[in-house]
Amino acid sequence: MAVNHSEGANVAGVPGELFRNMGQEKPVHGDNSDGPAENDLDQHLSSLSLSARAVHADDYLNSHQAVAPPMHVSTTFRYSRDPEKLQPWLNINPNNPHDSHVYSRDAAPNTTRLEAVLSALLGGPALTYSSGLAAFHALLVFLNPRRIAIGGGYHGCHGVIRLLSKLTGLRMIEFDSSSPTDDDATLERELGPGDVVHVETPLNPTGEARDLERYAAIARRAGAYLVVDATFAPPPLLDPFRWGADAVMHSGTKYLGGHSDMLCGVVAVAPRHNDGKTEGGAWIPRLRDERLVLGSVMGSFEGWLGLRSARTLELRVRRQSADAESLARWLADEVSRGTGPVGRVVREVRHASLQPEAADENSWLRRQMPSGFGAVFSVLLRDADTARRLPSKLRLFQHATSLGGVESLVEWRAMTDRSVDRRLLRVSVGVEGWTDLRDDLVRGCEALLAEEEDRQRSKGREEETGKGKSGQGQGQGGKEAEGPGEKKGHAPKLSASDVGGSMQIM
């Protein structure tokens, strides 16, 4: 059932003008007063800091005196008792003219408030989904391109594209996003109007950044759309709309959630695509109509958790990004020296802060990410076995997939992505403090090296023991003496007791 949300005062539970003119019309305080307070938020929310918007952007949806947002779990909502007020898919809350809900597969109070906050933070009207891949899938279903150019990044997005290609014939054009600009013309020739250029920056799993202006220009010349996966660089690190993005997606499970306890996906669209002048109509109402049919709506409990998390987004991300840069630079220095325990184990460190452009204050990278380079980086170890064993030696870093939470994680990436180098560890820095994490890595590398030395000594002792036993069986002139019951030319069978009980399978 398709529902037309393009008309009426309410879109995704937010006033239509808020979605059409992001940053222009803002809400009033949720204090149940008869009118807006003096100097109210609707006049100046867009001029407030990022953290102030995170705390107050949903105030106009607060119809209760509670300071902390309540958690609504209902899946359905009563219609008005006044027959004159019954309108299809418009069910205004009498306590709040901006709050309208019918059925939670369409919208629910918790997710509506979260979407209001995310819209203010991301710089464009936003919708939530059940996961990051659900958001990506919904966006591709909506845009319905014939071709999509994608440069590396999360393997799950490649999987969604392959799935859609079975249904629609969507053609995937893979390109190397680290290639020189000389290759841009070739990519541009393969694209046409309505196609998609999908760029993830920073990249999963390496944490390296890509130039969005460059790909926005390619998409614009081809008549295509630029879609940016900015999961690794949430506000305040990156504003893809400033560099030409048509749509931005996030796996909100990561930094927007920030506590490793919720699944979430987000799609935000450039305000120019929601002003009513776009061919076919504003994007957000149509995306919401399609979300209702796809069924990929975010759960109410997750919406409540997301709202809790959004309040501290800037505080967490700034800290995590700064600590990740400090840790990555320290690791790179250790690798260049190559003498300490870390230098003997790690061969390479990859992070946006270590890209050559990071040293040039006028570079695209410094302009694109002026507030930090992200809290995820990767390390290549000397071999795959070392990469597999090192995480078990760490204590502050937890060995798990995902990222973006307050706890630091390290993952032997081959556990969940078969396409990556098996020597690679992905590091997600939490809020513990980078010097504590540094010390944990040093201790882990020391423990790994000590274990290897013990194994070598044990192996050496076994070899020496084996040689000694072999020598005892030699007679004069180097001829082998036959023991009782042994045939000449056959070696005796050794048991564990023959070598002092230390026989091992190596």
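Each residue of the sequence shown is one higher than the one before, starting from 19 at the first, in our numbering. Don't be surprised by glycine CBs; every beta carbon is placed ideally from N, CA and C.
The stretch 323-335 makes contact with the stretch 64-73, as at least three CB pairs between them are under 8 angstroms.
Residue 88 sits in coil when the DSSP states are folded into three classes, being neither helix nor strand.
Fully contained in the stretch 377-450 are the following beta strand (DSSP E) runs of length 3 or more, in chain order: 394-399, 427-430, 442-446.
Proximity to residue 160 across 336, 303, 274 peaks at 303, based on C-alpha coordinates. Under the DSSP assignment, residue 167 falls outside any alpha helix (DSSP H), being part of the beta strand (DSSP E) whose first and last residues are 165-168. In the three-state DSSP reduction, residue 269 falls in the strand class (E or B).
Annotated three-state conformation of residue 128 is helix, per DSSP.
When beta bridges are read from the DSSP output, residue 190 appears opposite 166. Taking the Cβ atoms as the reference, residue 318 lies roughly 6 angstroms from residue 90, within the contact range of under 8 angstroms. Put simply, the stretch 304-317 does not touch the stretch 368-382. Fewer than three CB pairs are less than 8 angstroms apart.
Within the DSSP secondary-structure output, residue 366 pairs in a beta bridge with 398. Put simply, the backbone Cα of residue 461 is about 22 angstroms away from that of residue 424.
In the DSSP assignment, residue 247 is bridged to 218, 267. A straight-line Cα-Cα distance of about 8 angstroms links residue 322 and residue 88. Boundaries of the beta strand (DSSP E) around residue 284: 283-287. When only Cα atoms are considered, residue 262 and residue 244 end up about 7 angstroms apart. When only Cα atoms are considered, residue 241 and residue 211 end up about 4 angstroms apart. Positions of the beta strand (DSSP E) runs, each at least 3 residues long and wholly inside the stretch 116-160, are given as 144-147 in order along the chain. Under DSSP, residue 108 forms a beta bridge with 105.
Distance from the CA of residue 392 to the CA of residue 135, rounded to the nearest whole angstrom, comes to 21 angstroms.
Judged by DSSP secondary structure, residue 330 falls outside any alpha helix (DSSP H); it is assigned neither H nor E. Annotation: the continuous alpha helix (DSSP H) that includes residue 311 extends over 301-312. Following the DSSP letters along the chain, one finds residue 69 inside the alpha helix (DSSP H) bounded by residues 68-74.
With a 10 Å radius around the Cβ and a threshold of 16 neighbouring Cβ atoms, residue 82 comes out exposed. With a beta-carbon spacing of about 6 angstroms, residue 170 and residue 195 fall inside the 8 angstroms limit used to define contacts. As the crow flies, the alpha-carbon of residue 376 is around 47 angstroms from that of residue 476. Comparing C-alpha distances from residue 252 to each of 264, 234, 271 shows the shortest one belongs to 271.
In the same chain as residue 355, and ignoring 5 residues on each side of it, the C-beta atoms closer than 8 angstroms to its own belong to 361, in chain order. The Cβ atoms of residue 443 and residue 430 sit closer than 8 angstroms to each other. Under the three-state reduction of DSSP, residue 94 is assigned to strand. A straight line joining the alpha-carbon of residue 470 with that of residue 275 spans about 39 angstroms. Between the alpha carbons of residue 172 and residue 112 lies a distance of about 44 angstroms. The way I'd put it, the stretch 127-147 doesn't touch the stretch 208-223; fewer than three beta-carbon pairs between them come closer than 8 angstroms.
Per DSSP, the beta bridge partners of residue 114 are 111. Counting C-beta pairs with one atom in each stretch, the stretch 225-233 and the stretch 280-287 have fewer than three that are closer than 8 angstroms, which means they do not touch. Taking C-alpha positions only, residue 357 is separated from residue 373 by approximately 23 angstroms.
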